[in-house]
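Read through the structure below, which is laid out as structure tokens, and then see the notes.
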Amino acid sequence: MVETIVWTAEGVVMIDQTRLPREEVYVTCGTYEEVAEAIRSMVIRGAPAIGVAAAMGVALGVLKAGEADLDTQFERICKVLAATRPTAVNLFWAIERMQRLYAAVRSCPPDEIRRRLIEEAQRIREEDIAINRAIGGHGAGLVPEGKTVLTHCNAGALATAGYGTALGVVRAAAAAGRNIDVFADETRPFLQGARLTAWELQRDGIPVTLITDNMAGHFLRAGRIGCVIVGADRIAANGDVANKIGTYSVAVLAKENGVPFYVAAPISTLDLKLASGDAIPIEQRASTEVTQLCGVPIAPDGVAAENPAFDVTPHRYVTAIITERGVARAPYGESLRDLVLR
Ligand code: MRU
């Protein structure tokens, strides 16, 4: 399995997802500012993976901090990491977990504080892999035999500490002997589907076919797709799901064609403080990601371009939400709350 992110004596090491699939290059972040920049520039991306990166960034920041006024430095480290990307709630969940631990150990000797924070960040990483395997276990039975799974963006090993959420379900179904294949939307503008999903499934020997985003409706109507499985960046209390831009269109097309639309996500992606998806902050990225393709301009100079990185799929389009604690179905207000309390 690909190592998305690991803690080492030299710093936080990540596979550079901006250079895949052409180059398999690893980046070492030696400071928390470098971790923040890696999240912002999407060297590392995907909700659970940026949560792990943020936790490791906090630990790294404290490791490198001077001993004077550690509380102020800690606050600054958390603030810088929290300002990297706004939509995936896992980022804030991981920073809050590190903050709770810091509050509990801040009166310990500095070496003890550093050791505990490093251990916690590594634990978040290990737990994430176990969580994804559990999501896979709960979701595998939902994948129809002999059909194609359509996915959007990359919710695989690269988007997590390992194994993946949506692709974790695919991996678990394939491991259980299901005869399935995957259609991967290319996912304009950042091309996570073309570059990352296609790469990691091909590497695993799971049959994958790349399609452009605007082909999804055609294949959903043709009857070949048995189900859609995507990940999530934030899920509101009513079951509305924020995920990569284009997910909403796929969900509407799936419902129109009677194809189940599943969301696979850890409990840490739930944000039950938000009543609905309307309150989820949507990241706006640089217009050059739209006007250029791999750095090459494809539009007239000076043309206006919008680039919302995520959209919200209303819960009525979501057949079920697959978590590590089980599968939630409508009404989500109750089923998600039950899973959190379980
Ligand atoms: O902008 P990205 O690549 O970070 O967006 C990623 C997604 O939208 C994923 O589907 C989501 O984070 C779930 S990853 C398990």
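The opening position of the sequence shown corresponds to residue 810 in the numbering used here, with each subsequent residue numbered one higher. Cβ coordinates follow ideal geometry from the N, Cα and C atoms, glycine included. Since this is a predicted model, take the numbers as computed values, not measurements.
- Going by beta carbons, N1052 and G1035 fall outside the 9 Å limit.
- Along the length of the segment 850 to 919, whole alpha helix (DSSP H) runs at least 4 residues long occupy 856 to 873, 879 to 891, 898 to 914, reported in chain order.
- Taking 8 Å as the cut-off, one finds at least one heavy atom of the ligand MRU near enough to the beta carbon of H961.
- When the alpha-carbon of H947 is set against those of A1073, T1100, P1106, the nearest one is in A1073.
- Following the DSSP letters along the chain, one finds G820 in no alpha helix (DSSP H) but inside the beta strand (DSSP E) bounded by residues 820 to 824.
- Closer than 8 Å to some heavy atom of the ligand MRU: that does not describe the Cβ of M823.
- In the DSSP assignment, the residues bridged to D990 are T957.
- Assignment of L1005 by DSSP, reduced to helix, strand and coil, places it in the helix class.
- In this structure, A949 keeps its C-beta atom at 9 Å or more from the C-beta atom of A975.
- The beta-carbon distance between N1047 and G1142, rounded to whole angstroms, is 6 Å. This is short enough to meet the 8 Å contact definition.
- Proximity to D1022 across L1081, W816, L959 peaks at L959, based on C-alpha coordinates.
- Taking 8 Å as the upper bound for CB-CB distance, D1147 and T1056 are not in contact here, some 25 Å apart.
- Judged by beta-carbon spacing, I853 lies within the 9 Å limit of A862, meaning their Cβ atoms are closer than that value.
- Assignment of K1064 by DSSP, reduced to helix, strand and coil, places it in the helix class.
- For L1148, the uninterrupted alpha helix (DSSP H) run begins and ends at 1141 to 1150, by DSSP.
- Taking the Cα positions, E921 is about 16 Å away from A877.
- Counting only runs of 4+ residues, the alpha helix (DSSP H) found wholly inside the segment 1036 to 1106 occupies 1056 to 1065, 1097 to 1100, in chain order.
- Remark: the C-beta of A1095 is outside contact range of the ligand MRU, defined as less than 8 Å to any heavy atom.
- Around the beta carbon of H1027, fewer than 16 other beta carbons sit within 10 angstroms, so the residue counts as exposed.
- M851 has its Cβ nearer than 8 Å to a heavy atom of the ligand MRU.
- A distance below 8 Å between beta-carbons, with the five flanking residues on each side excluded, links L1145 to the following residues of its chain, in chain order: I1044, A1046, G1048, L1079, L1081, I1130, A1137.
- The way I'd put it, the segment 1103 to 1112 doesn't touch the segment 977 to 995; fewer than three beta-carbon pairs between them come closer than 8 Å.
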